[in-house]
Amino acid sequence: TPVGRFRGALSGYSAVELGVLAVKELLRRAGIKPESGVVDEVLFGHVLQAGEGQAPARQVALGAGLPPSIPATTVNKVCGSGLKTVMLAANSIRAGEYEVLICGGMESMTNSPHLVWNPKKGEDVPASELKHAMIHDGLWDVYNDIHMGSSGESVASEYDISRNDSDSFSVRSHLLANHAWEKGWMDWEAFTIPGLDREGNSITVSRDEGIRAGIDMEGMESLSPVFDPEGQVTAGNASQISDGAAAILVASHSAAVKHGWPILAIVLDQVTSGLEPARVMSAPIPAIETLLARNDLSVDDVVFFEHNEAFAAASCAVAKGIGIPDEKFNPHGGAVAIGHPLGASGARCLMTLINALRRRGGGMGIVTLCLGGGNAVGMLVEAGGSE
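Using this note's numbering, the first residue of the sequence shown is number 5, and each one after it goes up by one.
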């Protein structure tokens, strides 16, 4: 789906409803009849599950018309959930368990509920005792009792990333994302769905809602730090709170050939890395290092690196820590501009990487995402040129 802003055009959808739309579109594009039995399993990422009902991935599978005999599993690996579904699918295929899996993820951060612990029977609950599930279950470091934004400040200090570095990177993200849409490069990834404007009128949503075409450094520099008065993380250089879903078909080579599906990319390797929870934003660095070393590659051998861009400071640190040139890093912009619907981001980042690789004539790319708790997921893929 296009990525919607917090309380924006997609706010009328639950996460499951967005997931259903994405899977239905995937089935349509692949020419798969839902009842055909071609799909062996559905793996779908979802982080903010409170209020979504039992087994959200199962709801998506049945909502998309797939038969009850097909299993479905919901994956919660925070920001890495969507990519983890593809990693699990690749393992399943290598093991000979399944051949065709639907992967991806979904999130409606807008509609995440508030939580109450142990309310006394018959008493009103003061607002001070309510906790927003989005913050509590998605954006809070439980080990250090800090908001994830504070880890954006930490990584900036660790890698000597300045406020100007972060703001410049953020402007770049918006401009690149807008340029990619204006050129029509993103039409391959997203599809048009109904939505609502700010007045509640019905509209069609055909592109990511959070991208600001006219952004500049003056506007970015005017924003105040959010988590530390003397810090640098602002609403402008952090990823956006968002709604959206993404779905990908992962199959064995033989199944792809049998069904006539175009092979967009091949999974070459995958890894999960880990650091101390407070250093979560640095965790993609060892993930990338492992993928490069294990496959005897250098940065020069990789066409593009796609990073989830939770905070501009984090992306700057990853690029600096590995030595990635600007032109190889998030060439179509990232979550600062596009948005970061937690459960969907891993799948969205993988799709964006494959899109960029195919547009440039193919080659190898690495996608990586940091995730709460100090882990990061990474995947090395190879894509052919676009047809």
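We treat Cβ as the ideally placed atom computed from N, Cα and C, and that holds for glycine.
Counted within 10 angstroms of its Cβ, other Cβ atoms place residue i as buried (16 or more) or exposed
i    : result
E391 : Legend: pLDDT at E391 = 48, less than 50; position of this residue unreliable, no value from coordinates given.
T208 : exposed
W185 : buried
Y147 : exposed
G347 : buried
K37  : exposed
A255 : buried
V261 : exposed
D201 : exposed
P266 : exposed
M221 : exposed
N95  : exposed
R176 : buried
Q58  : exposed
P329 : exposed
V120 : exposed
E103 : buried
R98  : exposed
G376 : buried
T114 : buried
V39  : Correcting the residue identity first, residue 39 is Glu in this sequence and not Val. Exposed.
I370 : buried
N334 : buried
D164 : exposed
N168 : exposed
P288 : buried
Residues that residue i bridges to, as DSSP identifies them
i    : result
K81  : C83
A208 : A small correction: the amino acid at residue 208 is Thr; Ala does not occupy that position in the sequence shown. DSSP lists P198 as partners of T208.
T356 : None; T356 has no bridge partner.
N9   : Here residue 9 is Arg; the residue named in the question, Asn, does not match the sequence. DSSP output for R9 lists S246 as bridge partner(s).
L134 : V120
D149 : In the DSSP output, where bridge partners are listed per residue, D149 has none listed.
A269 : A387
I252 : C107
W144 : H151
Three-state secondary structure (DSSP) of residue i
i    : result
Q274 : strand
G35  : coil
H257 : helix
N241 : coil
G325 : helix
P75  : coil
E331 : helix
R216 : coil
E21  : helix
E391 : With a pLDDT of only 48 at E391, under the threshold of 50, the placement of this residue in the model should not be trusted; the figure read from the coordinates follows. Here E391 sits in coil by DSSP.
D304 : helix
E313 : coil
D232 : coil
I318 : Residue 318 is actually Ala in this sequence, not Ile. Three-state DSSP puts A318 in a helix.
A94  : helix
H263 : helix
E193 : coil
A99  : coil
G350 : helix
A54  : coil
E280 : coil
E29  : helix
S15  : coil
L361 : helix
Run of the beta strand (DSSP E) containing residue i, from where it starts to where it stops
i    : result
M383 : N379 to G388
V104 : V104 to S112
G49  : E45 to G49
V120 : H118 to V120
V371 : G366 to L375
Span of the alpha helix (DSSP H), counted from its first residue to its last, around residue i
i    : result
M152 : M152 to E162
F397 : In the structure as shown, the chain starts at 5 and stops at 391, and residue 397 therefore has no counterpart that could be examined.
L295 : P288 to R298
E222 : M221 to E225
V64  : P60 to G67
V340 : A339 to I342
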